[in-house]
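A.B. asks:
Numbering (this note's numbering), first residue to last: 123 to 248.
(1) Considering only C-alpha positions, which residue in the set 180, 200, 231 is nearest to residue 214?
(2) Go ahead and label residue 219 buried or exposed: buried means 16 or more other beta carbons lie within 10 angstroms of its beta carbon, across all protein chains shown.
(3) Three Cβ pairs or more, each shorter than 8 Å: is that satisfied between the region 182-191 and the region 128-136?
(4) Is the beta carbon of residue 183 closer than 8 Å to that of residue 246?
(5) How would you write the range of the beta strand (DSSP E) that residue 180 sits in, first residue to last?
(6) Leaving out five residues on either side along the sequence, give the residues of the same chain with a beta carbon under 7 Å from the beta carbon of residue 165.
(7) Skipping 5 residues on each side, what residues in its chain have a beta carbon closer than 7 Å to that of residue 176?
(8) Checking 8 Å against the spacing of the C-beta atoms, do residue 241 and residue 234 come in under that value?
(9) Classify residue 167 as buried or exposed, calling it buried when 16 or more other Cβ atoms lie within 10 Å of its own Cβ.
(10) Tell me whether the beta-carbon of residue 232 lies closer than 8 Å to the beta-carbon of residue 223.
(11) Please work out which residues of its chain come closer than 6 Å, Cβ to Cβ, to residue 179, disregarding the five sequence neighbours upstream and downstream, and give them in chain order.
(12) Work out the CA separation of residue 239 and residue 139 for me, nearest whole Å.
(13) What does DSSP give as the partner residues of residue 160 in its beta bridges?
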């Protein structure tokens, strides 16, 4: 995927392989950071969100999308995730996501469901 991204966006972006919990990037380097359908794969999502905050410039924006299901479905999914080969770790509640966003240092955020199974959270670094 890195090669594909690099080929498609060669003139506008740099694609880099790195660990979301220890990004090989300078602090306060980006105006926008996206995390699309992946936070449920991270063993330490708070560390990843802390890194996203670190690499954003003041006033920068985090765009976070992931799974959001009704409580019974989420509970079942979280019981099954460790048994499945896909690398899923946990589907988080709205409260857990917004709590991690605040703990990372974001002071302004907006959370909304965008489908019965997904959410979007937009957070600003002040």
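Heads up, the beta-carbon is just placed ideally off N, CA and C, and yes, glycines get one too.
C.D. replies: Looking at the atomic coordinates:
(1) Residue 214 sits at position 92 when you count from the first residue of the chain shown. Each of 180, 200, 231 was checked against the Cα of residue 214, and the nearest Cα belongs to 200.
(2) Residue numbering aside, residue 219 sits at position 97 when the chain shown is read from its first letter. Burial call: buried.
(3) At 8 Å Cβ cutoff, the stretches do not touch.
(4) Taking the chain shown and counting its residues from 1, one reaches residue 246 at position 124. Taking the chain shown and counting its residues from 1, one reaches residue 183 at position 61. Residue 183 sits close to residue 246, with the two beta carbons spaced by under 8 Å.
(5) Translated into positions along the chain shown, residue 180 becomes position 58. Segment 178-189, the beta strand (DSSP E) holding residue 180.
(6) The count along the chain shown starts at 1 and reaches residue 165 at position 43. Closer than 7 Å at the Cβ level, and outside the excluded window around residue 165, lie 211.
(7) The count along the chain shown starts at 1 and reaches residue 176 at position 54. For residue 176, where only same-chain residues beyond five positions count, the Cβ hits under 7 Å are 149.
(8) Here residue 241 corresponds to residue number 119 of the chain shown, with the count starting at 1. Here residue 234 corresponds to residue number 112 of the chain shown, with the count starting at 1. Cβ distance < 8 Å, so residue 241 and residue 234 count as in contact.
(9) Mapped onto the chain shown, residue 167 falls at position 45. Here residue 167 is buried: its Cβ has 16 or more other Cβ atoms, across all protein chains shown, within 10 Å.
(10) The residue given as residue 232 occupies position 110 in the chain shown. The residue given as residue 223 occupies position 101 in the chain shown. No, these two residues do not count as a Cβ contact at 8 Å.
(11) Stepping through the chain shown from its first residue, residue 179 is reached at position 57. These residues qualify, in order along the chain: 150, 153.
(12) On the chain shown, residue 139 is found 17 positions in, with the first residue counted as 1. On the chain shown, residue 239 is found 117 positions in, with the first residue counted as 1. In a straight line, the C-alpha of residue 139 is about 28 Å away from that of residue 239.
(13) Position 38 of the chain shown, counted from the start, is the residue given in the question as residue 160. DSSP, once it has assigned bridges, lists no residue as partnering residue 160.
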